[in-house]
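**Student:** Residue numbers (full-length UniProt numbering): 1 to 447.
Glycine included, each C-beta is placed from N, C-alpha and C at the ideal position.
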Ligand code: HSE
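#1: Have a look at residue 222 and residue 21 and give me their C-alpha separation to the nearest angstrom.
#2: Rounded C-beta distance between residue 171 and residue 286? I'm assuming under 8 Å.
#3: Taking only runs of the beta strand (DSSP E) that begin and end inside the segment 61–145, which ones reach a length of at least 3 residues, in chain order?
#4: Taking the alpha carbon of residue 168 as the reference point, which residue from 148, 140, 152, 157 has its own alpha carbon closest?
#5: Going by the beta-carbon positions, is the gap between residue 340 and residue 219 smaller than 7 Å?
#6: Spatial neighbours of residue 365 within its chain, please: CB distance less than 6 Å, with the 5 preceding and 5 following residues excluded, ordered by chain position.
#7: Out of 90, 82, 182, 102, which one is the CA nearest neighbour of residue 134?
#8: Identify every run of the alpha helix (DSSP H) within the segment 347–384, keeping only runs that are complete inside it and at least 4 residues long; order them along the chain.
#9: Considering Cα atoms alone, identify which of 357, 151, 164 is closest to residue 529.
#10: I need the boundaries of the beta strand (DSSP E) containing residue 289, first residue and last residue.
#11: In the DSSP output, which residue or residues are listed as bridge partners for residue 276?
#12: Between residue 354 and residue 31, what straight-line distance do the alpha-carbon atoms span, to the nearest angstrom?
#13: So, helix, strand or coil for residue 389, using DSSP?
#14: What are the residues that DSSP puts in a beta bridge with residue 443?
#15: Report yes if the CB atom of residue 8 is closer than 7 Å to the CB atom of residue 84, and no otherwise.
#16: I'd like to check one pair, residue 317 with residue 510: are the Cβ atoms closer than 7 Å?
#17: Closer than 6 Å: is that where the CB of residue 120 sits relative to any heavy atom of the ligand HSE?
#18: How should residue 277 be labelled, buried or exposed, when 16 other C-beta atoms within 10 angstroms of its C-beta is the threshold for buried?
#19: Thinking just about the alpha-carbon of each residue, which of 13, 38, 14 is nearest to the one in residue 25?
#20: Return yes when the C-beta of residue 199 is under 6 Å from any heavy atom of the ligand HSE, and no when it is not.
#21: Between the segment 327–347 and the segment 186–205, do three or more beta carbon pairs fall short of 8 Å?
#22: In three-state terms, what does DSSP make of residue 298?
#23: Residue 162 and residue 298 look like a contact to me (Cβ under 8 Å); what is the Cβ gap, rounded to whole Å?
#24: Since residue 270 contacts residue 232 with CB under 8 Å, what's their CB separation in whole angstroms?
#25: Just checking residue 234 against the ligand HSE - is the residue's beta carbon closer than 6 Å to any of the ligand's heavy atoms?
#26: Just grab the DSSP bridge partners of residue 344 for me.
#27: Going by CA-CA distance only, name the one from 313, 116, 86, 120 that's closest to residue 107.
#28: Is residue 166 near the ligand HSE, with its Cβ less than 6 Å from a heavy atom?
#29: Given a threshold of 16 other Cβ atoms within 10 Å of its Cβ, counted over all protein chains shown, does residue 455 qualify as buried or as exposed?
#30: Select from 160, 405, 429, 67 the residue whose C-alpha is nearest the C-alpha of residue 380.
#31: Do residue 10 and the ligand HSE come close, with the Cβ less than 6 Å from some heavy atom?
#32: Inspect the CB distances between the segment 142–155 and the segment 302–312 and report whether three or more fall short of 8 Å.
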């Protein structure tokens, strides 16, 4: 049988990795897919740069592939069966993906921003044209988490997902903990090692993780992708001292993407999170990714691996190419639905605003070391119905010549609704003895 023909849009890290893996493992891949998978065309802004990239991986020409700077020519080419979008972003990538779909081509993409923001439009267009959109590489790079959620765990009622799904921030947090460096120093190290982008905003502000959490949430609970409803908080304001205090209390701080089914709706949030040090997830270090999925039948399952990089992401992209090749001729109604649930059976369960989320909380307060300060704070918490789980008070530091001292008080609360904590914090900050803003971090026991 003729090989299936792929048009590659973009030839950066992932595009080049995809080409390399397909070429190296072509015989095995052919045995698995039932026919060869051939990159027939590559569209890039700068063909000379693509030629250099190919040369760097030992390919003196693109084999049979035609390299062009005309992206539309690739998505319009009648001989192309699958368009692999490796451009990224939500601008030109969206236009080309929709155009490819309108031309009845299957699409493979690792573009989490595109699907988290425009997923509904793209999946509807794919349905209307009877084609597949495959996106394993969009979440956690080489970890086959989409496959696991959509197929492997399909018997389960998913209860929650909690994942370290941004390698850059996990590397930064590991460095801050291991070497005691501040955020800016750790970020610089991540950039030097090539983990963080030159503009690392999407990584450090939690946006990249929220894109991925949004996609997992849709597949886990059968709801539309709703990035605009996700709560997003990054690590750029995280202080090294909180990492140290958390450690003293038996916790590590990780940037987690969390999505959970509750009686009131679905939680969808990304923020720095304390987790008990003994949990496996707490021990995922450096740029690695890991995702815990809890299903009612299977219990907790854990998926670990590289969440970025040329070949780990290519591993997911090529798996999608094989999947599409296998299902290419199947009746569209008999393919696995994009979001795991049949498209006419998606639910309108609301995504909860962050005020309605239930969590444990870490609170750090800077207080004047005077009689009654702790009693005032615990009274406010008790009046708001918040129960204290652990408390740490450091020795007072003298701050002036009259022997006046200040100290940090760190509290861990039992689970409570976020709006109650915010009410208590407002009252605590109004106390004359509390000398700075309260630092609030969320906590997950992952039991
Ligand atoms: N920038 C991402 C990360 C990789 O640091 O994990 C691609 O999503």
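**Tutor:** Reading from the atomic positions:
#1: 33 Å
#2: 5 Å
#3: 66–68, 82–85, 106–109
#4: 140
#5: yes
#6: 409, 434, 438
#7: 82
#8: 373–383
#9: An answer regarding residue 529 cannot be provided, because it is not within the stretch 1 to 447 covered by the chain.
#10: 288–295
#11: 251
#12: 48 Å
#13: strand
#14: 274, 360
#15: yes
#16: The structure shown has nothing for residue 510, since the chain only spans 1 to 447.
#17: no
#18: exposed
#19: 38
#20: no
#21: no
#22: coil
#23: Actually they do not touch by this definition, with Cβ atoms about 15 Å apart.
#24: 5 Å
#25: no
#26: Answer by DSSP bridge pairing: none, since residue 344 is not bridged.
#27: 86
#28: yes
#29: Past the edges of the chain, shown from 1 to 447, lies residue 455, and the structure says nothing about it.
#30: 429
#31: no
#32: yes
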